[in-house]
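Trainee: Just so you know, we're using our numbering here: the sequence shown kicks off at 281 and counts up by one.
For every residue, glycine included, the Cβ atom is placed at its ideal position computed from N, Cα and C.
Submitted below is the structure of interest, expressed as structure tokens.
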Amino acid sequence: SSGINAEYGVQMKQESELKMILQRTFHDSIKAEESMWSLHKGECIQVSLEKVREGYWWTSLFKDDGHEISLASIDTTRQIGEFPAEEQACVQKLMFDQRQKQLGLPTSEEMQQEEILKRAWNAEGSPFAGTDFDMSKVNINR
Numbered sequence: 281s282s283g284i285n286a287e288y289g290v291q292m293k294q295e296s297e298l299k300m301i302l303q304r305t306f307h308d309s310i311k312a313e314e315s316m317w318s319l320h321k322g323e324c325i326q327v328s329l330e331k332v333r334e335g336y337w338w339t340s341l342f343k344d345d346g347h348e349i350s351l352a353s354i355d356t357t358r359q360i361g362e363f364p365a366e367e368q369a370c371v372q373k374l375m376f377d378q379r380q381k382q383l384g385l386p387t388s389e390e391m392q393q394e395e396i397l398k399r400a401w402n403a404e405g406s407p408f409a410g411t412d413f414d415m416s417k418v419n420i421n422r
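The structure is reproduced here in structure tokens:
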């Protein structure tokens, strides 16, 4: 079906040519339209993937990369409170986002994007300034 993909590639433009710097196959298929990336200049490329088979555990990000996670090696006996604060926050965010998706509600990232859009809506020079924010007038391509 449309948008289901397991191939991934990153190209970089050098002078007038595109040079492939990464070309891999994901462990399983993703929903291309629901996945997105962002460039953090000088730091990294952040990629958010939406898996086709939700709840299916990937043992690695890419096929045949030699870095598989063994499910048996994951310690499920520790309570969330035993982890460092940063890891606790990450786990809680993932749990919140999963719950939101199951309920058909926006994830934390989607809520953050909506807040940014609301601020831009009323920013000086915006054609929408002074009117009520209407998400139906916003088209977000992912």
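1. Rounded to whole angstroms, what is the Cα-Cα separation between residue 387 and residue 366?
2. Give the DSSP-derived three-state secondary structure of residue 297 in the structure shown.
3. Looking at the secondary structure, which residues open and close the alpha helix (DSSP H) in which residue 359 lies?
4. How far does the alpha helix (DSSP H) with residue 371 in it reach, from first residue to last?
5. Among 349, 397, 338, 321, which has the Cα closest to the Cα of residue 419?
6. In three-state terms, what does DSSP make of residue 333?
7. Going by other Cβ atoms of all chains shown within 10 Å of its Cβ, with 16 needed for buried, is residue 317 buried or exposed?
8. Could you tell me the alpha carbon to alpha carbon distance between residue 364 and residue 307, rounded to whole angstroms?
9. Please classify residue 310 as buried or exposed, where buried requires at least 16 other C-beta atoms within 10 Å of its C-beta.
10. Excluding the 5 residues flanking residue 281 on each side, which residues of the same chain have their C-beta closer than 8 Å to its C-beta?
11. Give the straight-line distance between the Cα atoms of residue 342 and residue 301, rounded to the nearest whole angstrom.
Mentor: Per the coordinate set shown:
1. 19 Å
2. strand
3. No alpha helix (DSSP H) contains residue 359, which DSSP labels as neither H nor E.
4. 365-382
5. 397
6. coil
7. exposed
8. Straight through space, the alpha carbons of residue 307 and residue 364 are spaced by roughly 29 Å.
9. buried
10. Unreliable placement is indicated for residue 281, whose pLDDT of 41 sits below 50; no coordinate value is reported for it.
11. 15 Å
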